[in-house]
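Residue numbers (the numbering used here): 4 to 186. Please read the structure below before turning to the comments.
As structure tokens, then:
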């Protein structure tokens, strides 16, 4: 299965593979300092070249993918709303980490919850994952609420796991099991 080719949607949003044409919109969205504050792998500042390199890595075919990233947009495709993807993909153990961000203008409108729900359902049902994780920097209460509403279970805190902006940060781990979804 080519994980990079997923296209998912509901009545409000669509999730689709990135395209090189998305680089300007992606770079513009990532000028928001709040995104790199909570997503440790996104540098700041973030330019169009960074965006194009990310997109090219994301869409490159891989025999054994370790990540799959997608654009979140309005259902009509007119507006980039954010990004969602799977990382730390372990096909042998059927597990992966879900990561996402939403542009400032659309935060608080349920976009992240919709995207996490769509991607989780696809990963558990179509891809055959048994376990999904959200790893949320401690203090990101908005993402904690998304995790709860999406049906994830809080497992605990990994103390001082990541270095972000020059300091060690705790990470809250949430999980969703395939068995909990009735598959």
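We put the beta carbon where it would ideally sit given N, CA and C, even for glycine.
Extent of the continuous alpha helix (DSSP H) run through residue i
i: residue 147; result: 144 to 152
i: residue 124; result: 114 to 125
i: residue 31; result: 26 to 32
Start-to-end residues for the beta strand (DSSP E) that takes in residue i
i: residue 92; result: 83 to 93
i: residue 104; result: 98 to 105
i: residue 49; result: It is not in any beta strand (DSSP E) - residue 49 carries neither H nor E in the DSSP assignment.
i: residue 42; result: Counting along the chain, residue 42 falls outside any beta strand (DSSP E), and DSSP gives it neither H nor E.
DSSP beta-bridge partners of residue i
i: residue 134; result: 98 and 180
i: residue 175; result: 139 and 160
i: residue 15; result: Partner(s): none; residue 15 has no beta bridge.
i: residue 72; result: 88
i: residue 165; result: 172
Chain-order list of residues whose beta-carbon lies under 6 Å from that of residue i (same chain, five-residue window excluded)
i: residue 104; result: 38, 42, 85 and 86
i: residue 17; result: 76 and 78
Residues near residue i in its chain [Cβ-Cβ closer than 7 Å; skip 5 each side]
i: residue 26; result: 51, 54, 55 and 58
i: residue 47; result: 36 and 39
i: residue 142; result: none
Review point. Hey, is the region 32 to 40 in contact with the region 118 to 133, meaning 3+ C-beta pairs nearer than 8 Å?
Key: no
Review point. Can we say the region 75 to 84 touches the region 42 to 56, given the rule of at least three CB pairs closer than 8 Å?
Key: no
Review point. Counting pairs of Cβ atoms below 8 Å between the region 99 to 119 and the region 58 to 68, do you hit three or more?
Key: no
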